[in-house]
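Residue numbering for the sequence shown follows our numbering, beginning at 54 and increasing consecutively. For each residue, glycine too, the CB sits at the ideal point set by N, CA and C. See structure below.
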Amino acid sequence: MIFQVMGAVLAALVVKFLKGGAAVAPAHPATIPALLAEFLFTFALVYVVLNVATAKGTSGNSFYGLAIGFTVLAGAFSVGSISGGVFNPAVAAGISVMGLSSWSNIWIYLVADFAGGAVAAGAFNALNPAERRDARLPNSREQPKEQTSAA
C-alpha cells in the first residue's frame, strides 16, 4: 500500500511537471453521493478482483484483466461525474497532489474506499467458504508442502 501511494504521488508530480503549471480547478464533490458512489464501486472492484484473480475456481484464467478493467470502466462512466471515480486510496492521493481534488476531500475517498474494500473482502469470505477453508488446510496448494528427509 505504501508503494502504491508513493507511485501515485510520483506520477502526479511528473504530470504536474510535464504540464508546466497548467491551471487546474479542484473538484468539490457532494459528500454523501460521493461516499456512496465510491463505496459501491470500490466494493464492486475489490469483489471482482477477489473472484477473478485470486479464487481457485478461476485459476489459469488469463482474461481476468478484462473483468477488472471493465469494472473500472463501468464505475468511471457511472459515477465519475459524482465522485471522480477514484476507487483506490492511492489514486486519491495522486489526484490530491495534482490539484484535481482538494485535500480537504481526501477523507471521503479514504473512508469510502477502505470500507468498500473491507466489506467486499468480508462478502467474498462469507460467500466462498471453500476458499477460506482450503487456505488453512496443511496440504493446500497455497502453503508449501513439508519435505521429509530420508534417514
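Return yes when the Cβ of valine 132 is within less than 9 Å of the Cβ of leucine 93, no when it is not.
yes
Our contact map puts glycine 170 next to threonine 84 with C-beta atoms below 8 Å; I'd like the distance itself, whole angstroms only.
Going by Cβ atoms, the distance from glycine 170 to threonine 84 rounds to 20 Å, so no, they are not a contact pair.
Quick check on this structure: which residue in Phe140, Ser112 and Ile135 has the alpha carbon closest to the alpha carbon of glycine 122?
Phe140
Cβ of alanine 173 within 9 Å of Cβ of leucine 103?
yes
Local Cβ density within 10 Å of proline 182, reported as buried at 16 or more and exposed below that:
exposed
Buried or exposed, going by whether 16 or more other CB atoms sit within 10 Å of the CB of serine 155?
exposed
In whole angstroms, what is the alpha-carbon distance linking serine 112 and alanine 106?
8 Å
For glutamine 57, I'd like the list of residues in its chain whose CB is within less than 7 Å of its CB, leaving aside the five on either flank, ordered along the chain.
Ala143
Using a 10 Å radius around the Cβ and a threshold of 16 neighbouring Cβ atoms, would you call asparagine 114 buried or exposed?
exposed
Which residue wins for smallest C-alpha separation from glycine 175, given the options Ser149, Leu63, Phe116 and Ala97?
Ala97
Using 9 Å as the threshold, is the C-beta distance between valine 77 and methionine 151 below it?
yes
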